[in-house]
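So the working numbering is basically just the index in the sequence shown, starting at one, shifted up by 33. Taking it in order: structure first as structure tokens, then the write-up.
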Amino acid sequence: MLTDASPTGAEEPPAPGTLEELKRFFSAGRGYWSQVPEAQWNDWRWQLKHRITTLDQLERLLPTLT
């Protein structure tokens, strides 16, 4: 099994900023909901009303997962 450890067996700390870069979230966009106005998109009531609640909905929106 390959590891990122140095030849001496001691692990080197990650480069400065690497951990923060890994934590950063990048949205892939709204996809199916791209036509939803910004005000609705940011409204928690709209989010609850339009949430995915069934496997059928999920399969329809993400067909490559099946």
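All C-beta atoms in this analysis are idealised placements derived from N, C-alpha and C, irrespective of residue type, glycine included. The structure presented is a predicted model; accordingly, all values stated were derived computationally and were not measured.
In this structure, does DSSP put residue i in helix, strand or coil?
| i | result |
| --- | --- |
| Pro-49 | coil |
| Gly-64 | helix |
| Glu-44 | coil |
Please list the terminal residues of the continuous alpha helix (DSSP H) segment that includes residue i.
| i | result |
| --- | --- |
| Leu-95 | Here Leu-95 belongs to no alpha helix (DSSP H), and DSSP marks it neither H nor E. |
| Ala-72 | 71 to 74 |
| Arg-78 | 77 to 82 |
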